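This report refers to the structure that appears directly beneath it.
2 protein chains.
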Amino acid sequence: MSQTQRSDARDDRHVAVHVDTEGSDLRVRWADGHVSRFPAIWLRHNCVCPECGSTETARRFLRLTDIPRDVAVESARLNAQGEIAVAWKPGGHVSSYDSMWLRAHCLSPPEREHRRHKPVLWHARTNNLLSYESYPALQDKRARLRFLERLRDYGFVILTDVTCEREATEKVAGVVGALRMTNYGIYELISRPTPQLVGDTSVALAPHTDEPYRHNPPGITFFHVLAQSDEGGDSILVDGYHAAEALRARNPAAFHLLSTVPAGFHRTLKEGRAFYATGPVIRLDREGHIEGVRLLDRGTAPLDIAEGDVAGYYDALRDFLDYLYDERNHLVVKIAAGEMLVFNNQRLLHGRTAFDPTVSHRHVRSCNVDLDEFYSSLRVAYRELGREEAYMVLPQGAGT
Amino acid sequence: MSQTQRSDARDDRHVAVHVDTEGSDLRVRWADGHVSRFPAIWLRHNCVCPECGSTETARRFLRLTDIPRDVAVESARLNAQGEIAVAWKPGGHVSSYDSMWLRAHCLSPPEREHRRHKPVLWHARTNNLLSYESYPALQDKRARLRFLERLRDYGFVILTDVTCEREATEKVAGVVGALRMTNYGIYELISRPTPQLVGDTSVALAPHTDEPYRHNPPGITFFHVLAQSDEGGDSILVDGYHAAEALRARNPAAFHLLSTVPAGFHRTLKEGRAFYATGPVIRLDREGHIEGVRLLDRGTAPLDIAEGDVAGYYDALRDFLDYLYDERNHLVVKIAAGEMLVFNNQRLLHGRTAFDPTVSHRHVRSCNVDLDEFYSSLRVAYRELGREEAYMVLPQGAGT
Numbered sequence: 007m008s009q010t011q012r013s014d015a016r017d018d019r020h021v022a023v024h025v026d027t028e029g030s031d032l033r034v035r036w037a038d039g040h041v042s043r044f045p046a047i048w049l050r051h052n053c054v055c056p057e058c059g060s061t062e063t064a065r066r067f068l069r070l071t072d073i074p075r076d077v078a079v080e081s082a083r084l085n086a087q088g089e090i091a092v093a094w095k096p097g098g099h100v101s102s103y104d105s106m107w108l109r110a111h112c113l114s115p116p117e118r119e120h121r122r123h124k125p126v127l128w129h130a131r132t133n134n135l136l137s138y139e140s141y142p143a144l145q146d147k148r149a150r151l152r153f154l155e156r157l158r159d160y161g162f163v164i165l166t167d168v169t170c171e172r173e174a175t176e177k178v179a180g181v182v183g184a185l186r187m188t189n190y191g192i193y194e195l196i197s198r199p200t201p202q203l204v205g206d207t208s209v210a211l212a213p214h215t216d217e218p219y220r221h222n223p224p225g226i227t228f229f230h231v232l233a234q235s236d237e238g239g240d241s242i243l244v245d246g247y248h249a250a251e252a253l254r255a256r257n258p259a260a261f262h263l264l265s266t267v268p269a270g271f272h273r274t275l276k277e278g279r280a281f282y283a284t285g286p287v288i289r290l291d292r293e294g295h296i297e298g299v300r301l302l303d304r305g306t307a308p309l310d311i312a313e314g315d316v317a318g319y320y321d322a323l324r325d326f327l328d329y330l331y332d333e334r335n336h337l338v339v340k341i342a343a344g345e346m347l348v349f350n351n352q353r354l355l356h357g358r359t360a361f362d363p364t365v366s367h368r369h370v371r372s373c374n375v376d377l378d379e380f381y382s383s384l385r386v387a388y389r390e391l392g393r394e395e396a397y398m399v400l401p402q403g404a405g406t
Numbered sequence: 007m008s009q010t011q012r013s014d015a016r017d018d019r020h021v022a023v024h025v026d027t028e029g030s031d032l033r034v035r036w037a038d039g040h041v042s043r044f045p046a047i048w049l050r051h052n053c054v055c056p057e058c059g060s061t062e063t064a065r066r067f068l069r070l071t072d073i074p075r076d077v078a079v080e081s082a083r084l085n086a087q088g089e090i091a092v093a094w095k096p097g098g099h100v101s102s103y104d105s106m107w108l109r110a111h112c113l114s115p116p117e118r119e120h121r122r123h124k125p126v127l128w129h130a131r132t133n134n135l136l137s138y139e140s141y142p143a144l145q146d147k148r149a150r151l152r153f154l155e156r157l158r159d160y161g162f163v164i165l166t167d168v169t170c171e172r173e174a175t176e177k178v179a180g181v182v183g184a185l186r187m188t189n190y191g192i193y194e195l196i197s198r199p200t201p202q203l204v205g206d207t208s209v210a211l212a213p214h215t216d217e218p219y220r221h222n223p224p225g226i227t228f229f230h231v232l233a234q235s236d237e238g239g240d241s242i243l244v245d246g247y248h249a250a251e252a253l254r255a256r257n258p259a260a261f262h263l264l265s266t267v268p269a270g271f272h273r274t275l276k277e278g279r280a281f282y283a284t285g286p287v288i289r290l291d292r293e294g295h296i297e298g299v300r301l302l303d304r305g306t307a308p309l310d311i312a313e314g315d316v317a318g319y320y321d322a323l324r325d326f327l328d329y330l331y332d333e334r335n336h337l338v339v340k341i342a343a344g345e346m347l348v349f350n351n352q353r354l355l356h357g358r359t360a361f362d363p364t365v366s367h368r369h370v371r372s373c374n375v376d377l378d379e380f381y382s383s384l385r386v387a388y389r390e391l392g393r394e395e396a397y398m399v400l401p402q403g404a405g406t
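Protein chains in written order, with our numbering: chain Y, 7 to 406; chain W, 7 to 406.
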C-alpha cells in the first residue's frame, strides 16, 4: 500500500467494473484488473444495514447463528453510487457494500499482503535515520499524521520544542492517544545516590524493552528530558525488528527458539507487587512476520521450559544478546533538555550510556500509551481523509 | 499443588536430602523422593547474590553474556540453613539457592505440571456454584485470599454488602489491584431510551467477553449494581474454559480452528476512536492448555484469513456460538442492588436477560483491573505466608 497515495473516486483499486456470482460467493472485477471473491457467509456476516446493525458499534441485531448455513448470493449489481448490492437466498435479505471497503478486505493473498504494514527496518548505520519533529507544529493535522506514520514505520521519533515544563509530558502523549496509567503513574527518572530502580542509577543500561513482566508491556513510550547530563546519559536505540531479522538470517535455529519458546520476566516492588509474564522474545504473527519484541536480560525470571530445551535456548538468547549488546549495532543519540524521545517499546530496544551524577543532574519524565490507542489515532486520521490505509493491518506487538 | 496446603520447614517437598553433580548440572534429591536436575547455565543465570544482583528488582550486574559458555557446577553442598551452595567453574563464583525456591522451579515434567494452575471448570448445572462473599469481611487477610483464590479458580465471585455508594466500585476493585483506566473511565451502564452502546439498551445480550477489540482486553471486571430492574436484567454467565473444553471433546477440528486462526474484533466510537485487534477465540499455551477466551459476535471485524479457510472457520465459530447461546448452558443469577459481580473477562462470557426500562431503572458501574495486578495480589499474599503457590503458573488470558 503506497503510504502517501490518496484515495479518490478515480482510484482504479476502488472502482468495481463487473460483479457476478461464483458458486455461492460474490465475484468482483476491479478497474485495475484484480478479481476478488468474497465467500457468502463472510459477506453476509459483514452486512451492516440498519436491520442487521453495525459490528463497529456493537448495536447489532444479527447473530451469526441467525444466518442460514446454506446462505448464497442470489444476485449482485453495481448501483449508481458505486456500491455493490447483493440479494441473498434463502430469505431475500439485501445488503449493500462500499466498494473501497470491499477492496480493502479482499481475502486474496496479494491483497492480504498489500494491506499488511511494512515497517522500515533500520540499523545504526542507516542513513537519514534521525527524525526530528517540532512539537508545536503537530497542531497541523498533516504534520501530526506524518509524525504518527514515522513512529509507525521507524518505531521512534524525536520531538523538539517540547519545553521543560513538567505538564508537557502528558500533553505530548495525548497527541498519540490516551495515557495508560499503571502503578508507576508518570514515572520520574532522576539521578540519585540511592537508587530504587536501575533506571535511577548512573550506570550504563544495555538495550532492553521496558516492563516485559506485564502481559501487555508499554506500547508507545515517551521519555521527556527535563534535565540532561553534560557527559554521557545518551540514549541507545536498536531496532528489534531489524535485529530479529538479522538473527533469522544468521541463525535460523536460534530465531525459531526465541520466537516459539516462552521466556519469562518478573519484577517485585517493595510497595507489595510481584509481576510475572511469559512470552517469546520475538513475537511472530501466524504467517511468520515479526510483530514485537520482549526482552530484559536483567529482569529474566527462571525459564519454565523442559529441562532438555534449556541449553539450546540459552545459546539462542546469548546469540541475540551478543548482537544487541555490540556497540556497532547501537544508534546513540543525546536527547537534549526540552526534547522528547517517542518510541514503540514493543519494537525498539533502548538503553543508556553511563553518566556521572556527581557533576550532572539528569531528569526524565516517562509515560506510555497502548498500541491500541496509537493505532486508533492512525485509523481515525485516515478515515477523515477517506484513505484505504484506515484498514492497514498493523503489528500487534510483543503479545504473550 | 494443593491449594490449601501450608508450607513449612518440615514440608518434604522443600527439604533437600542430597546434592551432587550430573555432568555440568546440579542434581538434588528431596525428602519426598523426587530428584531434580538443574542445568548449569539456567542455575548460574538465576544466581541473585549481591555481586550478581537481583533479576526481580532489575538491580542486576550480571549479564547472560558474562557467563562462560562452558560454565559447570564444580561442587555443591547443603548448608545449615537448608540452602544449597554451589561453586562454579571456571571462575570460582559461589551461589546459594533457597531450597523451596529451587523445588518450585524444578524443570521436570511432573513438577512443571504440579505448579500449573488447575482451574475448576464449571457448567450451569454444577452444584454449589454460586459463591457469595461479604465485602466488609475481606478486610481479614484470610478472607481476602479466599476471595482471590475463588476468583482464580472459578472465574467469578459475587460480593454482598458492597452498598449502593458510587465510590464503592473503585474501592472494591482496589482489593484486587490497581484500576486500569481506559477511554471509558468508570463505565456507567444506565437504562436509557436512546442508547449509545448496546449495553445501555434493555434488550437481551448474548454471552460475550468485553472489549475483545483491544490487544489486551479487560482482565478482572467489576459490575457494581446500584439499581436493578424488578423483572429481567439478570446476569448470564458461561465458563469459557469449560465451553472450550466441551468443544475440544465434541468437535476437535472446530477447536483447532478457533484456537489457531485469529478472529478480529473492532469498535468505532463517535469521540474519534477506532480499535481493532485480532487473536484466536480460544487462546492456548504452548502445551495446549486453555489460557483465555476472546469473543463478541456482535463486534466481529471482517475475518482476515485465507479465502479457502473462511467456510470452515465460520462452521467452527457457529458450533461454539450455538453452545454459548443455548440457555441450557447459562448460569443465570440476579445481582441485587448493593451487590457486585466480579469476574475474569478473559475466561467467562457474560450476558444479560432483557428488562423493561419503562417500569424499572437499572444502573451498573463497571471498571476493571489487569490480570497482571490480580495475579500480583495472589503472589504477594502467598509470599507473606511463605507458601510455594507464590510461584504457581497462572493462565495468561486471551492474548493476541
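Glycine residues also receive a C-beta, built at the ideal position from the N, C-alpha and C atoms.
Here the structure is a predicted model, which is why all the values come from computation and not from measurement.
Are the C-beta of residue i and some C-beta of chain W separated by less than 8 Å?
i                     : result
residue 187 (chain Y) : yes
residue 127 (chain Y) : no
residue 25 (chain Y)  : no
residue 101 (chain Y) : no
residue 320 (chain Y) : yes
residue 335 (chain Y) : no
residue 310 (chain Y) : yes
residue 399 (chain Y) : yes
residue 148 (chain Y) : no
residue 402 (chain Y) : yes
residue 131 (chain Y) : no
Tell me the rounded alpha-carbon separation between residue i and residue j.
i                     : j                     : result
residue 28 (chain Y)  : residue 43 (chain Y)  : 8 Å
residue 75 (chain Y)  : residue 47 (chain Y)  : 8 Å
residue 163 (chain Y) : residue 339 (chain Y) : 12 Å
residue 384 (chain Y) : residue 17 (chain Y)  : 21 Å
residue 14 (chain W)  : residue 88 (chain W)  : Confidence at residue 14 (chain W) is low in this model, with a pLDDT of 48, below 50, so the placement of that residue is unreliable and no value is reported for it.
residue 176 (chain Y) : residue 305 (chain W) : 31 Å
residue 168 (chain W) : residue 144 (chain W) : 11 Å
residue 229 (chain Y) : residue 78 (chain Y)  : 54 Å
residue 386 (chain W) : residue 220 (chain W) : 28 Å
residue 215 (chain Y) : residue 139 (chain Y) : 24 Å
residue 223 (chain W) : residue 253 (chain Y) : 32 Å
Would you check if the distance between the CB atom of residue i and the CB atom of residue j is smaller than 8 Å?
i                     : j                     : result
residue 337 (chain W) : residue 135 (chain W) : yes
residue 335 (chain W) : residue 161 (chain W) : no
residue 281 (chain W) : residue 378 (chain Y) : yes
residue 375 (chain Y) : residue 185 (chain Y) : yes
residue 91 (chain W)  : residue 80 (chain W)  : no
residue 271 (chain Y) : residue 307 (chain Y) : yes
residue 296 (chain W) : residue 264 (chain W) : no
residue 50 (chain W)  : residue 59 (chain W)  : no
residue 382 (chain Y) : residue 279 (chain W) : yes
residue 398 (chain Y) : residue 121 (chain Y) : yes
residue 402 (chain W) : residue 283 (chain Y) : yes
residue 316 (chain W) : residue 323 (chain W) : no
With a threshold of 8 Å between beta carbons, is residue i in contact with chain Y?
i                     : result
residue 331 (chain W) : yes
residue 428 (chain W) : Because chain W here runs from 7 to 406, residue 428 (chain W) falls outside it and cannot be looked at.
residue 313 (chain W) : yes
residue 193 (chain W) : no
residue 233 (chain W) : no
residue 90 (chain W)  : no
residue 283 (chain W) : yes
In the DSSP assignment, what are the bridge partners of residue i?
i                     : result
residue 124 (chain Y) : DSSP output for residue 124 (chain Y) lists no bridge partner at all.
residue 214 (chain Y) : Y:356
residue 26 (chain W)  : W:33
Of all Cβ atoms in chain B, is any one closer than 8 Å to the Cβ of residue i?
i                     : result
residue 179 (chain W) : Among the protein chains in the structure shown, which are Y and W, there is no chain B.
| query | Which residues, in chain order, does the region 251-281 of chain Y contribute to contact with chain W at a C-beta distance below 7 Å? | reply | 268, 272, 273, 274, 278, 279, 280, 281
| Contacting positions in the region 209-241 of chain Y - beta carbon closer than 7 Å to chain W | 212, 220, 221, 222
| field | Contact residues within the region 71-89 of chain Y, judged by C-beta distance below 9 Å to chain W | value | 71, 73, 75
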